[in-house]
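Enquirer: I am attaching a structure below and will ask some questions about it afterwards.
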RNA sequence: GGGGGUGCGCCGAAGUCGGAGAGUCGGGGCAGACUGUAAAUCUGUUGCUUUCAGCUGAAUAGGUUCGAAUCCUAUCACCCCCA
C-alpha cells in the first residue's frame, strides 16, 4: 500500500469504517468498563453467546507484555519464558500452553495469545525472529486452547496478536498470518512502546487494512485520548491502556478540554469542580483544590478520585465516538476533539 | 540571677580541632515524564544576576590571621541545668 501522510490514509480508511455497519457498535475499550461493545460484535459474529456469570466481560493478557516490560529479569527460549520474581527471585516459567491454562482458569471471556512484544527500536533481524517466534507460539496457543474447554460453563475466545515492530513487510506478513488463523477477533501488539505516534498510526493503518473488518480489531496498550480517536478512525474497535489509571495516580487528569496536572500550584485555590461537564458524579462533586490537596498529602483518596475521573472520561470519549460514527460525522468530530483533548490546561 | 550548649538555603540532620563550599543527605516546594501495570514510580530543578560566567552568603557587630563557618570579644535568639 502507498504510505502517504497519516492524514490522507486515515481519511480514506474512515470512509470504509463509516460504511461498515458493524463498526457502529463495536467501538469500546477493554477492561471491565469498556469491553461490552466488543462482546456485542463477537456475539453478532457468532461467538461468545454466553460469557462469564458477572455479566461483565473480562479480558486477560497472557504475560506477553511482561516479556517486554520485565526484560531485565527474564530469559526467552523456544519453549517459553522464565521470569525471576522481583519479590523473592523465584523462577516462574511461562509457555503458550501455560498461558492458555491460566487464562482458562481465570475465566476471561477474551484471552490473549502468548507473544513476544519486541522493544522499540528493534533491528530488523531481531524483529523478524521475534515475529516468527510469536507465530510459532500462536500455533501452540491455538492448539492448546482448542484442545481444552472453559472450566465454568461458558465459552472463551482466543485473540491472536500481530507483531513485526515498525517494519512494513513484517507487519504485513504478520497481519496476513494472524488473519489466517481465523479466530473471532484479532489484536495488534508491539505498538505504544516508545515509537513516534505517526509510526504507530502508520503501522495500525496498514495492519487494519489486512485484518478482517467483520471481526473486532484490538489495539493493545493504546493510549492517549488523541491516540484512541485517531486509531478508531483507522478501524480499531478495542483498546486497553494503563494510562488513565497510572497517570491519574500521578496527578494527570484528562478532560474534553485538555490535560490537567492536578499537582500544579495553579489549582491551589481553584474550588470549582474537577470537571463540571464530566459524566462522573465524583468529578462534579470534588473541587480541583481539594484533589490537589489530596495529591500533595499523598492520600489514597486522590488516586481513587483521579482514577474514577479518568476512566469515566475515557469511557465517555469512546461512547461519543460510537455516537458520531452512527451519526455519520465522526471525522469532523474527531478532528475537533483531537485538538481539544491535546491541550494543556 | 548563675552555669553550660547551639545558631549558614523553605524545614530537619550531617559537617567544623583555621585552608577549596552556593555546598552533603533527607524532606518540602516548583515542574516534567508515564501508553497490552513489578513500581503511591522515575527525572529535572529549588540564593541573586546580564548564567560556558559573575555576585552575595555560615545569627548580628567587631577582632586575630596570608586566610575565619571554624579562634577571640560583645550583643541577640533559642535549648538544658541550678536558684
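Numbering (my numbering), first residue to last: 2 to 346.
Heads up, the beta-carbon is just placed ideally off N, CA and C, and yes, glycines get one too.
Leaving out five residues on either side along the sequence, give the residues of the same chain with a beta carbon under 7 Å from the beta carbon of residue 204.
Expert: Closer than 7 Å at Cβ, skipping near neighbours: 167, 172, 192.
Enquirer: Reducing DSSP to helix, strand and coil, say where residue 302 ends up.
Expert: helix
Enquirer: Mark residue 184 as exposed unless 16 or more other C-beta atoms lie within 10 angstroms of its C-beta, in which case mark it buried.
Expert: buried
Enquirer: Quick check: what's the CA-CA separation for residue 32 versus residue 127?
Expert: With a pLDDT of only 35 at residue 32, under the threshold of 50, the placement of this residue in the model should not be trusted; the figure read from the coordinates follows. Distance between the alpha carbons of residue 32 and residue 127: 31 Å.
Enquirer: Are the segment 57-75 and the segment 86-103 in contact at 8 Å, needing three or more beta carbon pairs?
Expert: yes
Enquirer: Would you tell me roughly how many angstroms separate the C-alpha atoms of residue 256 and residue 199, rounded to the nearest one?
Expert: 23 Å
Enquirer: Given 8 Å as the limit, is there contact between the segment 231-239 and the segment 290-306, that is, 3 or more CB pairs closer than that?
Expert: no
Enquirer: Please return the same chain residues whose Cβ sits closer than 7 Å to the Cβ of residue 227, not counting the five positions on each side in sequence.
Expert: 339, 342, 343
Enquirer: Going by beta-carbon coordinates alone, are residue 165 and residue 132 separated by less than 8 Å?
Expert: For residue 165 and residue 132, yes; Cβs fall inside 8 Å.
Enquirer: Can you give me the Cβ contacts of residue 163 inside the same chain, cut-off strictly under 6 Å, excluding the 5 residues immediately before and after it?
Expert: 175, 176, 179, 189, 208
Enquirer: With residue 181 as the anchor, note down where its beta strand (DSSP E) starts and where it stops.
Expert: Unbroken run through residue 181 is the alpha helix (DSSP H), 169-181; no beta strand (DSSP E).
Enquirer: Got a sec? Which residues, its chain only, sit under 6 Å from residue 197 by beta carbon, not counting five neighbours each side?
Expert: Cβ neighbours of residue 197 beyond the five flanking positions: none.
Enquirer: Can you give me the Cβ contacts of residue 284 inside the same chain, cut-off strictly under 6 Å, excluding the 5 residues immediately before and after it?
Expert: 275, 276, 310
Enquirer: Can you name the start and end residues of the alpha helix (DSSP H) that residue 266 belongs to?
Expert: Careful: residue 266 lies outside any alpha helix (DSSP H) and carries neither H nor E.
Enquirer: Which residues share a DSSP beta bridge with residue 274?
Expert: 288
Enquirer: Looking at the structure shown, is residue 205 part of a helix, part of a strand, or coil, going by DSSP?
Expert: helix
Enquirer: Beta-carbon within less than 7 Å of residue 159's beta-carbon, same chain only, minus the 5 sequence neighbours each way: which residues are those?
Expert: 112, 114, 142, 143, 146, 184
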